[in-house]
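Numbering (this note's numbering), first residue to last: 9 to 238.
Each residue gets a CB set at the ideal place from its N, CA and C atoms; glycine is no exception.
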Amino acid sequence: MSIKNSINQILETIRETEQKCGRAENSVQLMAVSKFHSGEKIKSVIAEGITLFGENRVQEAIQKFPPLIQEFPHIELHQIGLLQRNKVKHIIPFLTCVQSVDRLELIMELEKCADKIQKPLSILLEMHTGEDSKSGFSDYESVKKALHFLQECKFVVPKGFMTMAPFTNDENLIRKSFRLLASYKERLQNDFKDFDLSELSMGMSNDYKIAIQEGSTLVRIGTAIFGDHN
Ligand SMILES: *Cc1c(COP(=O)(O)O)cnc(C)c1O
C-alpha cells in the first residue's frame, strides 16, 4: 500500500475508534515514527499533512531532521527512544519533546541543556507498564520524585506520560498495560495540580485501537505507515 493510502486508512480508523468509544473528534493525534526511513519518505508523509514525527536514535535523527525542519518549519520532532545524557546537547535544538524520560538524571541534563540555549522543552514521563519493556519509571515514588524536581525547572515542562505495551497477541495484557498508564496519570495529576499532565502517548501499529479505547491522546505509528524497513 502507498504511504498516502496507509495514512488515510489509519486516520479513518482513529476517527472511527474515537467515535465508537464516545471520544471527541481529533482527541487523538497521529505521530509518524520515521526511524529507519529516509528523508524522501518522510517528505511524502509531510505531503499528507502529518506534522508530528518520532525518532529513537539520536545519530539518525541528527542526520535526517535538520534539513527537513529547515524546509518544513511547521513539523515537530519528538525523541521516543532511550536517550543518553551525553547525547542531549546534540539533539535538543531539533526537538520539541522528549517522550522517553525514564530517570531523574536525564531530567537534570535536559534542564541544563535547555537552559543553555534558552529553549522550552516538553517531556513525557515514560512508565514501565508491561513485562517486556525494560525502560521507564517502574514505581509511583520514583516518578513522584521526578515531578517534584520538575516543579523547580524553568525550561523542562512535563505534559503527561508514555508507555509501550508488551509485544504479545494477548489483548488483555496490552489493555492492562494501557490502563495502568491511565491510572498513573489520574493519580499523579491529582497530586500535581499545577501541571497539565493530560498527554497519554500509547499505541503503536499493532495496538493503537486498544490504546484509543483506553484513553490514548497520541499514537506512535511506524510500520503501518512506512511498511517494514527490511
Ligand atoms: C518503533 C517505535 C514505535 C512504532 O512502532 P510500530 O510498531 O512500527 O508502529 C512506537 N514507539 C516507539 C517507542 C518505538 O520505538
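Identify which residue in the options has its Cα closest to the Cα of residue i.
i    : options                : result
Q197 : L155, I233, F186, D236 : L155
E56  : I15, E119, T25, A232   : I15
V109 : L90, E119, H98, I125   : L90
Following a CB-centred definition, is residue i positioned closer than 7 Å to any heavy atom of ligand 1?
i    : result
R183 : no
S42  : no
R228 : yes
G89  : yes
T171 : no
S46  : no
T231 : yes
N214 : yes
N177 : no
Quick check on DSSP: helix, strand or coil for residue i?
i    : result
V151 : helix
H98  : helix
T40  : Sequence check: residue 40 is Ala here, not Thr. Residue state, collapsed to three classes: strand.
E119 : helix
S185 : helix
R111 : coil
G30  : coil
P174 : coil
Is it buried or exposed, residue i, if we count other Cβ atoms within 10 angstroms and call 16 or more buried?
i    : result
P101 : exposed
F73  : buried
Y148 : exposed
A32  : exposed
Can you tell me which residues form a DSSP beta bridge with residue i?
i   : result
V53 : Note: V53 sits in no beta bridge, so no partner.
E84 : L60
Report whether the distance from the Cβ of residue i to the nearest heavy atom of ligand 3 is below 7 Å.
i   : result
G57 : Ligand 3 is absent from the structure shown, which contains only ligand 1.
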